[in-house]
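Counted the way UniProt numbering counts, the sequence shown spans residues 1 to 276.
Positions of the beta carbon are idealized from the N, C-alpha and C atoms, including for glycine.
These figures come from a predicted structure and were not determined experimentally.
These notes concern the structure reproduced below.
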Amino acid sequence: MGNWPWQVALYKDGNYQCGGTLIKDRWIISAAHCFYRAQDSYWVARIGATRRGSFRSPHEQLLRVDYISLHPDYIDNGFINDIAVIRLERSVIFSDYIRPVCLPKAPVASDTVCVITGWGQLNELGRVFPDTLQEVEVPVISTEDCRRKTLFLPLYKITSGMFCAGNGGKDACLGDSGGPLVCSSPLENRYVLQGITSNGYGCGRRERPGVYTKVYTYLSYIDYVTTQKDIQPSAVEYCKGHRCPLGECLPRSRVCNGFLECSDGSDERNCSTIAR
């Protein structure tokens, strides 16, 4: 059984970009900045996976994203209202490895220890990205304390739609954006999605907490988008070569060339062997 069955990996034109969280059988939420000026790209959601770059496991599902809603008041300069609601081309099939997370009934309290998960950079320097899904516990800090710690940092304005977590050492980093911050609800014996990984000043720096989109603030927006009945799927750009499962469009020159480039090896199937 998967420990974090709502975790999603999002790929743009075949390349891993951000994390996301499954909230319904056909809906994911992530960070708006992941899709800013990239809504027309070919996006694929990888659900039920714990390894980002490996071949597909039998437990995961790959589905194309067919609609992306950025919050109408999203401001890229400052990560204001940093939330996106994403629709899949069809519903996922729930299993022990794929389940939606619960949405919050109340905002998270300060000092609550929560968990962030993702495939982001392991350290601020070095650009080392793990293949296996990582997890780390971080404490939620008060808005007042967070504002004090970010007061003199450029672009930082902690709004009512944000909260902060982490005291240094353990943190989200580049590549974790859009992924979940979940907190255990002991009375209900379940995890609740309280935050979306948004931004931070460096990674794991002392007195520099991570900043998360406060999911509770946006429940009405999430409900509005996910209950619309007349959403038309986005147009898909035609691939003249071969479309890999993760979304990369290989030109014909890279199909049946003796090199496996798609995650499932589909670019080297049904190739005619030519004697030389």
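If we count the other Cβ atoms within 10 Å of its Cβ and call it buried at 16 or more, is residue i buried or exposed?
i           : result
residue 194 : buried
residue 270 : exposed
residue 272 : exposed
residue 81  : buried
residue 248 : buried
residue 227 : exposed
residue 176 : buried
residue 94  : exposed
residue 223 : exposed
residue 72  : exposed
residue 171 : buried
residue 7   : buried
Report all residues from its chain with a CB closer than 7 Å to the CB of residue i; omit the five preceding and five following residues, and keep chain order.
i           : result
residue 49  : 9, 57 and 60
residue 255 : 241, 242 and 267
residue 76  : 33 and 36
residue 263 : 55, 56, 244, 245 and 246
residue 274 : In this prediction, residue 274 has a pLDDT of 40, which is less than 50 and means its spatial position is unreliable; what the coordinates show is noted afterwards. Excluding sequence neighbours, residue 274 sits near nothing in its chain.
residue 127 : 121
residue 160 : 217
Going straight from the alpha carbon of residue i to that of residue j, what length do you get?
i           : j           : result
residue 37  : residue 246 : 20 Å
residue 199 : residue 233 : 29 Å
residue 243 : residue 250 : 6 Å
residue 150 : residue 196 : 19 Å
residue 121 : residue 138 : 17 Å
residue 189 : residue 4   : 14 Å
residue 144 : residue 260 : 52 Å
residue 29  : residue 148 : 29 Å
residue 47  : residue 119 : 13 Å
residue 162 : residue 257 : 49 Å
residue 83  : residue 17  : 15 Å
residue 13  : residue 41  : 6 Å
residue 178 : residue 238 : 27 Å
residue 225 : residue 39  : 16 Å
residue 213 : residue 74  : 12 Å
residue 117 : residue 173 : 11 Å
residue 219 : residue 253 : 47 Å
residue 276 : residue 265 : Unreliable placement is indicated for residue 276, whose pLDDT of 30 sits below 50; the coordinate value is still reported in the next sentence. Straight-line Cα distance between these residues: approximately 24 Å.
For the alpha helix (DSSP H) containing residue i, name the first residue and the last one.
i           : result
residue 226 : 219-226
residue 143 : 143-150
Which two residues bound the contiguous beta strand (DSSP E) that contains residue i?
i           : result
residue 21  : 15-24
residue 84  : 84-88
residue 47  : 43-47
residue 214 : 210-214
residue 30  : 27-30
residue 163 : 162-165
residue 66  : 61-70
residue 196 : 190-200
residue 132 : Counting along the chain, residue 132 falls outside any beta strand (DSSP E), and DSSP gives it neither H nor E.
residue 11  : 7-12
residue 241 : Looking at the DSSP string, residue 241 is not in any beta strand (DSSP E), and its letter there is neither H nor E.
Skipping 5 residues on each side, what residues in its chain have a beta carbon closer than 6 Å to that of residue i?
i           : result
residue 51  : 131 and 132
residue 11  : 44, 246 and 247
residue 164 : 141, 146, 209 and 211
residue 230 : none
residue 2   : 97
So, does the CB of residue i fall closer than 8 Å to a CB anywhere in chain D?
i           : result
residue 240 : In the structure shown, chain D cannot be found, because there is only a single protein chain.
Can you find the residues in the same chain that come closer than 8 Å, C-beta to C-beta, to residue i, ignoring five residues on each side of it along the sequence?
i           : result
residue 169 : 204 and 206
residue 89  : 63, 64, 65, 66 and 233
residue 340 : No statement about residue 340 is possible, as the shown extent of the chain runs from 1 to 276 and does not include it.
residue 109 : 140
residue 158 : 143, 146, 147, 150, 164 and 211
Sorry if obvious, but does the Cβ on residue i come closer than 7 Å to a heavy atom of the ligand SAM?
i          : result
residue 51 : The ligand SAM is not part of this structure, which contains no ligands at all.
contact_flag[the segment 175-188, the segment 112-127] where n(CB pairs < 8 Å) is 3 or more = yes
Could you say if the segment 63-70 and the segment 204-212 meet the contact criterion of at least three C-beta pairs nearer than 8 Å?
-> no
Between the segment 15-33 and the segment 85-103, are three or more C-beta pairs nearer than 8 Å?
-> yes
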